[in-house]
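The structure under discussion appears below in the form of structure tokens.
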Ligand SMILES: Cc1cc2nc3c(=O)[nH]c(=O)nc-3n(C[C@H](O)[C@H](O)[C@H](O)COP(=O)(O)OP(=O)(O)OC[C@H]3O[C@@H](n4cnc5c(N)ncnc54)[C@H](O)[C@@H]3O)c2cc1C
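Residue numbers (my numbering): 6 to 437.
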């Protein structure tokens, strides 16, 4: 049964969330930009904690988690609908307890962590009291895990980690790190890497630089270059089994990628809203911008592009809930990841263009969105790599033609059809 309707009770919650984000949360983006991953000061706590409390009372806190972990167990589809609302604002994911990269990190600790690890790291993470960082990419290569060199070597009951990690988002404010390292260089990277959980203040964890994205001030970035210098951790810091890192990474990144896509819908819709308001407000060369055909084409293309993307994301979220297996939905998650940067880029660019000079100033958010689109083509893996995944998965459903000619070659098909219906063709010929 196909059904594209949201049940009335949940729609009422979404409507509440929509007004709440616009009125109560978006102002935080303006007074405390880029501070959402910084532990709350006493002053900020006075503002943010009551907002989180309202979300909890509405039953919308960390909805994707099961009740045992403090959520509602709503699953990915309902999270997608909520994330469309949340995607408008930088602070909203924090206020609703579903911010990346913490959601993905929480997911793998919930899945693979020991009871002690869950108590120490997962509980406070889910309560929104601390932040986490995922430390996988290395300076010499991110897209290809076989390039990773950072290693952990067993020493008695401990492991000793050495190497460099790059672009570990939020490491400068995170309470703990999840680091992916080589533990057995003699087997393939897919079996020879492991993950460790460790507090960020463990001796030997040196944050050398906090790299900023374009437009951020030097040294105010949040993507850490980390030198792990003889970092000693106990064996109990191992997450999942030895050699399990690659499998764990796939679990983590599957969820993370689709959550970004959900929020992108909200952000792109915000750009469309701004574009439409502008073209109805601005008159030039004798008519409103909304009367110009090229501008109408911008609106139609943006609407259609977002609608296609939204249906794709919602369907993929539905598949994740149905199969509860990221691997099975891998093709569609990768396809969503491929499409996402282009959708946001195109829509934000058109919205920027119709705003004229104002569009490219720091008084409007469009260039931030365009940069965001570029980031989406890299973070969680470059578009090219995801295209390869999609193509490989699609090709699995096909096999080569065992003939010189393709199986749809018309002369052969026509001959076969003629042979099959020869009797009737003869009758027809005879009656003419
Ligand atoms: C904002 C942001 C946040 C991030 N957060 C984190 C984080 O928290 N933790 C973390 O570990 N990492 C993080 N990353 C790193 C991210 O995962 C890597 O940037 C990504 O995997 C690409 O690795 P790379 O930058 O080393 O590029 P490379 O691997 O060097 O790739 C560079 C380019 O080469 C091309 N290319 C690469 N492989 C292929 C291929 N197979 N086929 C065709 N072309 C190819 C693509 O054009 C690609 O963009 C983040 C990145 C960004 C931008």
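Beta carbons: idealized from backbone N, C-alpha and C, even for Gly. Since the structure is predicted, the reported quantities are computational estimates derived from the model, not experimental observations.
| field | Buried or exposed by the 16-neighbour rule on C-beta atoms within 10 Å, applied to residue 291 | value | exposed
| Since residue 106 contacts residue 156 with CB under 8 Å, what's their CB separation in whole angstroms? | With 8 Å as the limit, residue 106 and residue 156 do not qualify as a contact, their Cβ atoms being about 23 Å apart.
| query | So, do the segment 184 to 191 and the segment 238 to 255 have three or more beta carbon pairs nearer to each other than 8 Å? | reply | Flag = yes, the segment 184 to 191 and the segment 238 to 255 touch.
| said: If we require 3 or more residues per run, which beta strand (DSSP E) segments fall completely within the segment 148 to 193? | reply: 156 to 160, 163 to 174 and 181 to 187
| For the segment 327 to 369, which segments carrying the alpha helix (DSSP H) assignment without a break, of at least 4 residues, lie completely within its bounds, in sequence order? | 335 to 359 and 361 to 364
| said: Taking a contact to mean a Cβ-Cβ separation below 8 Å, would you say residue 293 touches residue 285 in this structure? | reply: In this structure, residue 285 lies closer than 8 Å to residue 293 by Cβ.
| How many angstroms separate the CA atom of residue 358 from the CA atom of residue 364? | 6 Å
| Whole-Å CB distance - residue 110 paired with residue 183, under 8 Å assumed | 6 Å
| query | Tell me the DSSP bridge mates of residue 143? | reply | 146
| Would you report the Cα separation of residue 369 and residue 24, rounded to the nearest angstrom? | 21 Å
| Do you know how far the Cα of residue 311 is from the Cα of residue 350? | 11 Å
| C-beta atoms of residue 233 and residue 167 nearer than 8 Å | yes
| Can the beta-carbon of residue 253 be found less than 8 Å from the beta-carbon of residue 113? | yes
| query | Taking DSSP as the reference, what is the three-state secondary structure of residue 289? | reply | In the three-state reduction of the DSSP assignment, residue 289 falls in the strand class, which pools E and B.
| said: Tell me the residue span of the alpha helix (DSSP H) that contains residue 32. | reply: 31 to 36
| field | Distance CB(residue 392)-CB(residue 343) smaller than 8 Å | value | yes
| request: Starting from residue 230, follow the beta strand (DSSP E) in both directions and report where the run begins and ends. | output: 228 to 239
| Does the beta-carbon distance from residue 381 to residue 276 come in below 8 Å? | no
| Where does residue 36 land, buried or exposed, given buried means 16+ other C-beta within 10 angstroms? | exposed
| Test item: CB-CB of residue 309 and residue 81 under 8 Å | no
| query | Which value, in whole angstroms, describes the spacing of the CA atoms of residue 9 and residue 289? | reply | One alpha carbon belongs to residue 9, the other to residue 289, and they sit about 40 Å apart.
| query | Which value, in whole angstroms, describes the spacing of the CA atoms of residue 239 and residue 208? | reply | 13 Å
| message | For ligand 1, I want to know if residue 45 counts as a neighbour, meaning its beta carbon is within less than 7 Å of at least one of the ligand's heavy atoms. | response | no
| request: Below 6 Å CB to CB, which residues in the same chain sit around residue 42 once its five sequence neighbours on both sides are set aside? | output: 136, 175 and 178
| According to DSSP, is residue 110 helix, strand or coil? | helix
| query | Hey, is residue 265 close to ligand 1, as in C-beta under 7 Å from one of its heavy atoms? | reply | no
| task | Return the bridge partner residues of residue 212 from the DSSP annotation. | result | Paired residue(s): 231.
| task | Quick one: measure Cβ to Cβ for residue 100 and residue 60, integer angstroms, because I've assumed they're closer than 8 Å. | result | 6 Å
| Three-state secondary structure (DSSP) at residue 44? | It is coil, neither helix nor strand.
| In chain order, what residues of the same chain lie with their CB nearer than 8 Å to the CB of residue 261, ignoring the 5 residues before and after it? | 105, 106, 108, 109 and 385
| request: Please determine, among 47, 53 and 63, the residue with the shortest C-alpha to C-alpha distance to residue 14. | output: 63
| Helix, strand or coil at residue 201 [DSSP, three-state] | strand
| query | Do the CB positions of residue 341 and residue 148 come within less than 8 Å of each other? | reply | no
| field | Coarse secondary structure for residue 138, derived from DSSP in three states | value | strand
| query | Taking DSSP as the reference, what is the three-state secondary structure of residue 244? | reply | strand
| task | Take residue 318 as the anchor and find which of 158, 330, 303 and 334 has the nearest alpha-carbon. | result | 334
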